[in-house]
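What follows is one structure encoded as structure tokens, with my remarks underneath.
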Amino acid sequence: MIDPEIFRVLASTTMRLKDCPTIIKPFYQSKKDYRQLLENGTKELGELQNILNASGKYALLIIFQAMDAAGKDGAIRHVMSGINPQGCHVHSFKQPTEKELKHDFLWRAACVLPERGEIGIFNRSYYEDVLIVKVHPEILDKQNLPEMKAGTDLWEERYQSIRDFEAHLHRNGTRIIKFFLHISKEEQRKRLLERIDIPDKNWKLSLADFEERQYWEQYMDAFEKCILATTTDDCPWYFVPADDKNNARLIISSIILKTLQDMKLSYPRATKNHYAQLEMLRKKLEE
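Mapped onto the numbering used here, the consecutive letters of the sequence shown carry residue numbers 7 to 293.
What follows is the structure, encoded as structure tokens:
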């Protein structure tokens with residue numbers, strides 16, 4: 007069994023990303039063992055999703071953030087392969103549209119939140135506005151923000167907005183899991199080269215992916231500050247060593263399962279009136 011608490015970023019921590027491993031001892035013995043463990047996880051996830059949907063009391067929001075080629079797409083595809091697509095929605099956050107730029111940075115995320123009974127997955131998210139925008143502050147020019155008070159720190163204000171937003175969602179039944187897939191710069195280099203060498207992966211690569219590598223240290227600093235500022239007891243961040251894709255997927259699966267298990271979900275119990283209706287239907291069907 008994988009203990010999710012090993013990877014949870016505590017609100018009181020002084021964690022430093024440079025001290026966090028990008029690879030650890032695998033939780034599987036072989037590829038066959040990995041496939042069996044993942045299959046077991048996807049089967050249980052499918053069962054819990056059914057109960058989540060039937061109960062209709064909670065929603066689950068799963069957020070993935072990482073550097074390019076860290077394995078976000080693959081993790082979503084493999085870990086969530088056993089669920090009913092009708093009750094799960096994946097939203098990828100690209101460059102903001104003209105309409106989105108006319109709103110606050112959380113607005114476009116609020117528009118696509120999962121309903122109670124659903125699982126929502128954000129492949130990147132509103133956190134981009136304290137990550138890529140922090141590394142490339144010139145993006146702020148397009149956001150047409152009002153002037154701030156002297157001495158106000160924009161990033162601290164955004165961290166506070168995120169904490170308030172997530173606390174509001176939690177109070178209203180949305181459970182939030184935030185994953186940072188921690189990949190090494192060397193492993194990213196290998197995966198980017200693979201996207202060149204394998205024709206079927208060419209489409210996943212652009213010049214921008216290479217250009218962003220020169221800002222690696224700035225991104226690591228932005229991720230660290232963001233994670234430390236926005237991890238809370240109710241809406242925690244989890245750092246996932248991501249150099250081993252299979253291991254990362256098993257870790258992610260275990261954390262999602264534990265979160266759903268902790269909701270103590272159950273199918274709704276029928277009322278006396280409902281039971282009476284069912285018995286009436288039974289008699290009609292048996293006529």
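Glycine residues also receive a C-beta, built at the ideal position from the N, C-alpha and C atoms. Nothing here was measured: the structure is a model prediction, and the numbers come from that model.
- Counting along the chain, the unbroken alpha helix (DSSP H) around alanine 235 starts and ends at 222 to 236.
- By the C-beta density criterion, aspartate 147 is exposed, having fewer than 16 other C-beta atoms within 10 angstroms.
- Within the segment 160 to 230, the complete alpha helix (DSSP H) segments of 4 residues or longer fall at 160 to 177, 191 to 203 and 213 to 217, listed in chain order.
- One Cα belongs to serine 98, the other to aspartate 79, and the distance between them is close to 10 Å.
- Assigned with DSSP and collapsed to three states, leucine 58 falls in helix.
- A straight-line Cα-Cα distance of about 20 Å links aspartate 249 and methionine 7.
- Going by C-alpha positions, threonine 28 is about 32 Å away from glycine 93.
- DSSP places glycine 126 outside any alpha helix (DSSP H); the residue lies instead in the beta strand (DSSP E), whose first and last residues are 125 to 129.
- With a beta-carbon spacing of about 4 Å, isoleucine 57 and leucine 271 fall inside the 8 Å limit used to define contacts.
- In this structure the segment 221 to 238 does not lie against the segment 76 to 91, because fewer than three pairs of beta carbons, one per stretch, are closer than 8 Å.
- For serine 259, the enclosing alpha helix (DSSP H) starts and ends at 251 to 268.
- Lysine 155 and glutamate 163 have their C-alpha atoms roughly 11 Å apart.
- Closest by C-alpha distance to tyrosine 64, out of His95, Glu124 and Phe13, is Glu124.
- One Cα belongs to glutamate 193, the other to lysine 207, and the distance between them is close to 16 Å.
- The segment 177 to 184 and the segment 234 to 246 touch, with three or more beta-carbon pairs separated by less than 8 Å.
- In this chain, histidine 95 is not harboured by any alpha helix (DSSP H); it is covered by the beta strand (DSSP E) spanning 94 to 98.
- Look at alanine 116 here: in three-state DSSP terms it is helix.
- For valine 246, the enclosing beta strand (DSSP E) has its first and last residue at 243 to 247.
- If you draw a straight line from the Cα of asparagine 59 to the Cα of alanine 116, it is about 20 Å long.
- No Cβ-Cβ contact shorter than 9 Å links leucine 66 with leucine 256.
- Under a 10 Å Cβ-count criterion, glutamate 292 is classified as exposed, with fewer than 16 other Cβ atoms of the shown protein chains found around its own Cβ.
- When C-alpha distances from alanine 254 are compared across Lys37, Pro32 and Leu284, the shortest belongs to Pro32.
- Put simply, the backbone Cα of alanine 17 is about 5 Å away from that of threonine 238.
- A check of alpha carbon separations from isoleucine 145 across Pro205, Tyr40, Phe111 and Arg177 identifies Phe111 as the nearest.
- Leaving aside the five residues that flank phenylalanine 171 on each side, the residues in its chain whose CB is nearer than 6 Å to its CB run, in chain order, Leu112.
- Going by DSSP, isoleucine 68 is part of the beta strand (DSSP E) stretching over 65 to 72.
- Taking a 10 Å sphere around the C-beta of isoleucine 202, we find fewer than 16 other C-beta atoms and assign the residue as exposed.
- Beyond the five residues adjoining it in sequence on each side, glutamine 267 comes within less than 8 Å, by CB distance, of Leu54 in the same chain, given in chain order.
- The C-alpha of isoleucine 262 is placed about 10 Å away from the C-alpha of threonine 48.
- Counting along the chain, the unbroken alpha helix (DSSP H) around asparagine 279 starts and ends at 278 to 292.
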